[in-house]
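Peer 1:
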Amino acid sequence: MDQATQVKYAETLRRLHHTDAVLLLPNAWDAGSAALFAHCGFGAIATTSGGVAWALGHQDGEQVPLQDVLSVVRRITHTVALPVTVDFESGYGTEPAQVADAVRALIATGAVGVNLEDGMPGHGPQRSVRESAERIRAARQAAAQAGIPLVINARIDNWMHAVDVPSAPLADALARAAAYRAAGADCLYPIGLGDKATIAAFARAAGMPVNVMAGAGGMDLAELHRIGVARVSTATRFATLALGAMRQVAQQILLSGSFDALAGDFSYKDAQQLFEAG
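According to this note's numbering, the sequence shown is numbered sequentially starting from 73.
(1) For arginine 303 and alanine 255, which I take to be in contact (beta-carbon distance under 8 Å), what is that distance rounded to the nearest angstrom?
(2) Any chance you could list the beta strand (DSSP E) runs of at least 3 consecutive residues sitting entirely within the region 243–306, in chain order?
(3) Verify whether the separation of the beta carbon atoms of threonine 151 and alanine 183 is less than 8 Å.
(4) Measure the CB-CB distance between alanine 226 and alanine 257 and report whether it falls below 8 Å.
(5) Nearest by alpha-carbon distance to phenylalanine 310: which of Ala106, Tyr81, Pro193 and Ala172 is it?
(6) Using CA atoms only, rank isn't needed, just tell me which of Leu108, Leu154 and Thr77 is closest to glutamine 344.
(7) So, at 8 Å on beta carbons, what are the nonlocal neighbours of threonine 91 in its own chain, with the 5 sequence-adjacent residues on each side left out?
(8) I need the DSSP call for arginine 227, collapsed to helix, strand or coil.
(9) Quick one: what does DSSP say glutamine 78 is sitting in, helix, strand or coil?
(10) Report yes if the CB atom of asparagine 99 is closer than 8 Å to the CB atom of alanine 307, and no otherwise.
(11) Go ahead and pull the three-state DSSP assignment for isoleucine 117.
(12) Give me the DSSP bridge partner(s) of alanine 100.
(13) Can you name, in chain order, every residue of its own chain whose Cβ lies under 7 Å from the Cβ of arginine 276, other than the five neighbours on each side?
(14) Apart from the five residues just before and just after glutamine 198, which ones in its own chain have a Cβ nearer than 8 Å to its Cβ?
(15) Leucine 260 to asparagine 283, Cα distance in whole Å?
(16) Say whether the region 332–342 touches the region 120–135, bearing in mind that this needs 3 or more beta-carbon pairs closer than 8 Å, one atom from each stretch.
(17) Reducing DSSP to helix, strand and coil, say where leucine 178 ends up.
(18) Leaving aside the five residues before and after tyrosine 81 along the sequence, list all residues of the same chain whose C-beta is less than 6 Å from its C-beta, in chain order.
(19) In or out: alanine 322 buried (at least 16 other Cβ within 10 Å) or exposed?
(20) Let me know the secondary structure DSSP gives leucine 159 once reduced to three states.
(21) For alanine 269 versus leucine 246, is the C-beta spacing smaller than 8 Å?
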């Protein structure tokens, strides 16, 4: 991908955070799932670290070698003519300088967005506000040096550790939000936060676009828009749905000896058409 195209995609992704509609991001795990989402009409695509890890034979939690992650992202960006933002977990580095190196390598794949979490790898405890902000600042500086206006989604993990008391981490999360914004973040992702009133309070006070995670039984896009959410991602749900459907069919075949469960409305021809030259 040439730099002009990559800059255009980055600017498009940034603009999609500031429209009258919620930016809905499906999370792909390989070129095939990304192509399917593009075919469905999504305006941008995210990746899921969990889906990528499972497809490559690893557990989630920054267990995949960085070069393998970069290879998957490169295949996705070469397959879809859309902005791609990457779940980059905690940034693949123990120090800010290492995060900067990893982000530079990610930008070289054609990605135009990055999700950076403030928890330690594998859903570990949160880093301090200062340390987390330094890592975001390093990513922003790396992007500036590369000449790409990378969209940084700063994941705030407070509610990963306090899910039973949704309002308890709000003050700390907002302090983190201010620090991350000052460090160069473009969007905030309070993962694990599902309480409507707390999401609304966070969105009002954050001063920048807020990303939440979609889930069955939760608020729909219209309601999320009403309370100030700018971006919604699906996390691992498409990947687990795909694996779950495969498990169900496989078990039916094993139990019945019949292959009727292989019937479906998506064919070999449909899959081939996803990769037709534009």
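In this text, a Cβ means the ideal position worked out from N, Cα and C, and glycines have one as well.
Peer 2: This is what the structure holds:
(1) Contact between arginine 303 and alanine 255 does not hold, since their C-beta atoms are separated by about 19 Å, which reaches or exceeds 8 Å.
(2) Annotation note: the region 243–306 contains the following uninterrupted beta strand (DSSP E) runs of length 3 or greater, listed N- to C-terminal: 259–261, 283–285 and 303–305.
(3) Cβ atoms of threonine 151 and alanine 183: not closer than 8 Å.
(4) Taking 8 Å as the Cβ cut-off, alanine 226 and alanine 257 qualify as a contacting pair.
(5) Selected option, being the one with the closest Cα: Ala106.
(6) Proximity to glutamine 344 across Leu108, Leu154 and Thr77 peaks at Leu108, based on C-alpha coordinates.
(7) Contacts found: none.
(8) Correct three-state label for arginine 227: strand.
(9) Correct three-state label for glutamine 78: helix.
(10) Against a cut-off of 8 Å, the Cβ pair of alanine 307 and asparagine 99 comes out as a contact.
(11) Reduced to three states, the DSSP call for isoleucine 117 is strand.
(12) Per DSSP, the beta bridge partners of alanine 100 are Thr119.
(13) Contacts found: Gly300.
(14) Setting aside the 5 residues that flank it on each side, glutamine 198 is surrounded in the same chain by Asp190, Gly191, Met192, Ser204, Asp229, Asn230 and His233, each with a C-beta closer than 8 Å to its C-beta; the list follows chain order.
(15) If you take the alpha carbons of leucine 260 and asparagine 283, they lie about 6 Å apart.
(16) Because the criterion of three Cβ pairs below 8 Å is not met, the region 332–342 and the region 120–135 do not touch.
(17) Secondary structure at leucine 178: helix, using DSSP grouped into helix, strand and coil.
(18) Taken in chain order, the residues that qualify are Pro155 and Val184.
(19) Answer is exposed; the Cβ neighbour count stays below 16.
(20) According to the sequence as given, residue 159 is aspartate; it is not leucine. The answer is strand: DSSP assigns aspartate 159 an E or B state.
(21) Leucine 246 sits away from alanine 269, with the two beta carbons spaced by 8 Å or more.
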